[in-house]
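First up is the structure itself, then whatever we jot down about it.
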Amino acid sequence: MPRIMGVDIPKEKKIHVSLCYIYGIGPTMAQRILTLAGIEPNRRAKDLKEEEIYKITDAIPKVCSVEGDVRRDIAQNVKRLIQIGCYRGQRHKKNLPVRGQRTHTNARTRKGPRQTVGVARGASKAAAPAPKAPAAAAPKAEAKK
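The numbering used here runs 1439 ahead of the 1-based position in the sequence shown.
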């Protein structure tokens, strides 16, 4: 399994598809990287030689930023939105959809599993002890007269 930029890419897939396993590289970026490195996109990743892997590794930073850099940029952008208190930042803070989706029936991915909210009835009221009347209530009423 070839390792590029700290990521094991699948060896059985074509190299232009395998490069998409690296965070921050999509199909278009993969094509650009392979063109810059001078490698045919339809070759399998297992057929690459060490020199070709080095060429790809050298070409990636020239075309785009990947992995940790992209994740850090996204986290900083979200943190900035939360800090300035804009609407999108508030939605991020509350863990709700940010881009205008409805939340009445959907948004389960963002909100998480349903949490049932209900009222306790019957046995819990009977088991609770009755509240005691405060002893200091009577003297206060007499002091007003």
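Here a beta-carbon is modelled for each residue, glycine too, at the ideal position from N, C-alpha and C.
Just so we're clear, the structure is a prediction, and the values are computed from it rather than from any experiment.
For residue i, report the span of its alpha helix (DSSP H) as first-last.
{"i": "A1514", "result": "1507-1523"}
{"i": "D1497", "result": "1489-1502"}
{"i": "V1456", "result": "1454-1457"}
{"i": "R1547", "result": "1547-1550"}
{"i": "L1473", "result": "1466-1476"}
{"i": "Y1460", "result": "Looking at the DSSP string, Y1460 is not in any alpha helix (DSSP H), and its letter there is neither H nor E."}
{"i": "R1541", "result": "No alpha helix (DSSP H) holds R1541; DSSP gives it neither H nor E."}
{"i": "R1527", "result": "1526-1532"}
Name the DSSP bridge partner or partners of residue i?
{"i": "I1443", "result": "V1446"}
{"i": "R1483", "result": "K1453"}
Could you name the residues of the same chain whose beta carbon sits closer than 8 Å to that of residue i, not counting the 5 residues immediately before and after it, in chain order?
{"i": "Q1459", "result": "The amino acid occupying residue 1459 in the given sequence is Cys; Gln does not appear at that position. The residues are G1465, P1466, A1469."}
{"i": "R1547", "result": "R1553"}
{"i": "I1461", "result": "I1443, M1444, V1446, I1448, I1499, V1505, E1506"}
{"i": "T1496", "result": "I1443, M1444"}
{"i": "Q1522", "result": "G1528"}
Take residue i and list the residues in its own chain whose beta-carbon comes closer than 7 Å to its own, dropping the five residues that flank it on each side.
{"i": "I1499", "result": "M1444, I1472, V1505"}
{"i": "R1549", "result": "N1534, L1535, P1536"}
Might you give, ordered along the chain, the residues of its own chain that have their beta carbon closer than 6 Å to the beta carbon of residue i, omitting 5 neighbours on each side?
{"i": "R1527", "result": "L1520, V1537"}
{"i": "V1517", "result": "H1531"}
{"i": "Q1515", "result": "none"}
{"i": "G1557", "result": "none"}
Can residue i be considered in contact with the ligand SAH, in the sense that its beta carbon sits closer than 8 Å to one or more heavy atoms?
{"i": "I1495", "result": "Judged by which ligands are present, the structure shown has none, so any question about the ligand SAH falls away."}
- prompt: Is it a yes or a no for the region 1476-1489 touching the region 1506-1513, going by three-plus beta-carbon pairs under 8 Å?
  reply: no
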